[in-house]
Amino acid sequence: MGGVLAILEQREGMLKRVSYEALTAGRRLAEAKGGRLHALAIGPATLDPSQASRFGATTIFAARDDRLRHYQPDVYAALAEDLVRRNGYDAIVLGATALGKDLGPRLAARLSCPLTADVTALAMEDGAIVVSRPVYSGKAILKLRVRAVPCVISLRPNNFYPEESPGDGKLQELAVPDVQLRTRTVQFKEPETAKLDVAEAPIVVSGGRGLKDPANFKLLEDLAAALGNAAVGASRAVVDAGWRPHSDQVGQTGKTVSPALYFAIGISGAIQHLAGMRTAGVIVAINKDKDAPIFKVADYGIVGDLFEIVPRLTEEIKKLKASE
20 MGGVLAILEQ REGMLKRVSY EALTAGRRLA EAKGGRLHAL AIGPATLDPS
70 QASRFGATTI FAARDDRLRH YQPDVYAALA EDLVRRNGYD AIVLGATALG
120 KDLGPRLAAR LSCPLTADVT ALAMEDGAIV VSRPVYSGKA ILKLRVRAVP
170 CVISLRPNNF YPEESPGDGK LQELAVPDVQ LRTRTVQFKE PETAKLDVAE
220 APIVVSGGRG LKDPANFKLL EDLAAALGNA AVGASRAVVD AGWRPHSDQV
270 GQTGKTVSPA LYFAIGISGA IQHLAGMRTA GVIVAINKDK DAPIFKVADY
320 GIVGDLFEIV PRLTEEIKKL KASE
């Protein structure tokens with residue numbers, strides 16, 4: 020079997036979590052196909068991709084050059100295409116991030132092969148790759164049988180929990196090809212006020228229309244501060260209303276999150292929201308409507324007035340932490 024290539028993603032020389040998710044999914048697929056897992060890491064000279072061997076990569080190809088500190092589409096596509104043609108992989112997996120949503124179609128076009136995007140589940144059935152992805156704003160799950168070789172698969176972040184499988188992965192350096200750049204990434208501009216990304220946070224406190232006014236998100240910010248290392252998220256309804264920036268949105272058309280602890284406060288639990296957070300470790304719902312759909316997926320539910328419950332919860336957490 021041709022095996023699987025996982026394309027890794029880095030920021031400032033550090034591999035991102037989505038890289039380990041791609042490696043985990045890629046390893047499972049390679050094992051099911053009886054093939055090998057290779058990894059491709061592209062970045063600055065300081066990039067250390069050796070961690071990929073802890074997740075099952077037997078060979079790690081590294082293209083390291085300070086000119087590649089930021090994503091350069093033409094270089095990435097050329098490197099990946101060359102590896103696929105030389106090694107004959109059956110599948111290429113990468114994250115369905117901003118980078119992956121740009122690179123995946125480019126690579127599929129170069130290889131004249133199919134692309135299955137935003138995949139949330141991956142398996143082998145009767146010798147074919149079977150992928151699942153949400154459609155109709157998460158109201159249904161589409162299963163696709165992919166028989167073409169090779170194929171490109173982009174994985175929705177936070178749907179494949181990284182699982183280690185340590186091995187003796189070999190590092191192989193790649194020369195950076197002399198490619199004429201049609202487009203060039205020159206800078207990533209961070210927000211003026213840096214805050215924890217909901218997609219990366221171990222705890223997420225999300226609010227919906229039940230908060231009644233954008234000013235009332237201060238209740239959630241206070242709770243997040245008391246919890247520590249927590250991010251504040253939002254439902255689509257409040258983002259559409261202009262209460263919170265789109266970067267805070269959790270759901271089908273926002274970000275998929277999988278924190279250890281997720282608070283859904285004043286959120287009814289529309290399907291499009293559930294699609295973005297139902298894989299959280301523990302879900303706590305606070306809503307005055309006992310029949311709200313959110314309670315069907317919650318591990319703990321509180322039926323009541325959030326304007327009374329949230330401040331009391333914040334104070335109790337502060338007391339608990341003060342006594343430690």
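Numbering-wise (my numbering), the sequence shown opens with residue 20 and increments by one. Every residue gets a Cβ at the ideal spot worked out from N, C-alpha and C, and that includes glycine. The structure presented is a predicted model; accordingly, all values stated were derived computationally and were not measured.
Are there 16 or more other CB atoms within 10 angstroms of the CB of residue i, so buried, or fewer, so exposed?
i: residue 225; result: buried
i: residue 207; result: exposed
i: residue 104; result: exposed
i: residue 40; result: buried
i: residue 131; result: exposed
i: residue 188; result: buried
i: residue 178; result: buried
i: residue 268; result: buried
i: residue 76; result: buried
i: residue 94; result: buried
i: residue 68; result: buried
i: residue 261; result: exposed
i: residue 44; result: buried
i: residue 234; result: exposed
i: residue 87; result: buried
Which same chain residues end up closer than 7 Å to residue i when comparing Cβ atoms and leaving out the 5 residues on each side of it in sequence?
i: residue 347; result: Only positions 20 to 343 of the chain appear in the structure, and residue 347 is not among them; the question remains open.
i: residue 332; result: 242
i: residue 54; result: 20, 21, 22, 23 and 109
i: residue 158; result: 290
i: residue 175; result: 115, 137, 138, 139 and 275
i: residue 118; result: 28 and 90
i: residue 222; result: 246, 248, 249, 278, 279 and 280
From the DSSP output, in three-state form, read off residue i for me.
i: residue 31; result: coil
i: residue 22; result: coil
i: residue 45; result: helix
i: residue 153; result: strand
i: residue 39; result: helix
i: residue 52; result: helix
i: residue 89; result: coil
i: residue 269; result: strand
i: residue 113; result: strand
i: residue 83; result: strand
i: residue 74; result: helix
i: residue 282; result: strand
i: residue 59; result: strand
i: residue 322; result: strand
i: residue 337; result: helix
i: residue 214; result: coil
i: residue 208; result: coil
Whose C-beta lies closer than 6 Å to the C-beta of residue i among residues of the same chain, with five residues either side of it excluded?
i: residue 150; result: 135, 138, 141 and 163
i: residue 65; result: 32
i: residue 342; result: none
i: residue 283; result: 225, 304 and 313
i: residue 322; result: 309
i: residue 72; result: 186 and 188
Under 8 Å by Cβ, that's how I've got residue i and residue j pegged, so tell me the actual separation to the nearest angstrom.
i: residue 230; j: residue 285; result: 5 Å
i: residue 219; j: residue 74; result: The Cβ separation is near 18 Å, so there is no contact.
i: residue 200; j: residue 329; result: Not a contact, Cβ separation roughly 50 Å.
i: residue 60; j: residue 102; result: Their Cβ separation, rounded to whole angstroms, is 11 Å, which puts residue 60 and residue 102 out of contact at 8 Å.
i: residue 281; j: residue 299; result: 4 Å
i: residue 253; j: residue 215; result: About 14 Å; that fails the 8 Å criterion.
i: residue 16; j: residue 154; result: This structure gives no information on residue 16, because the portion of the chain shown stretches from 20 to 343.
i: residue 297; j: residue 256; result: Actually they do not touch by this definition, with Cβ atoms about 18 Å apart.
i: residue 316; j: residue 288; result: 7 Å
i: residue 111; j: residue 169; result: 6 Å
Excluding the 5 residues preceding and the 5 following residue i in the sequence, name in chain order all residues of the same chain whose CB lies nearer than 8 Å to its CB.
i: residue 70; result: 34 and 39
i: residue 96; result: 122, 125, 126 and 129
i: residue 106; result: 21, 22, 24 and 57
i: residue 84; result: 63, 64 and 195
i: residue 147; result: 164, 165 and 166
i: residue 301; result: 279, 280, 281, 318 and 319
i: residue 324; result: 307
- Query: Residue ranges of each alpha helix (DSSP H) run of no fewer than 4 residues wholly in the stretch 220-261, ordered along the chain?
  - Reply: 236-246 and 255-259
- Query: What are the uninterrupted segments assigned as beta strand (DSSP E) that are 3 or more residues long and contained completely in the stretch 284-317, given in chain order?
  - Reply: 301-306
- Hey, which unbroken runs of the alpha helix (DSSP H) at 4 residues or more fall wholly within the stretch 135-196? none
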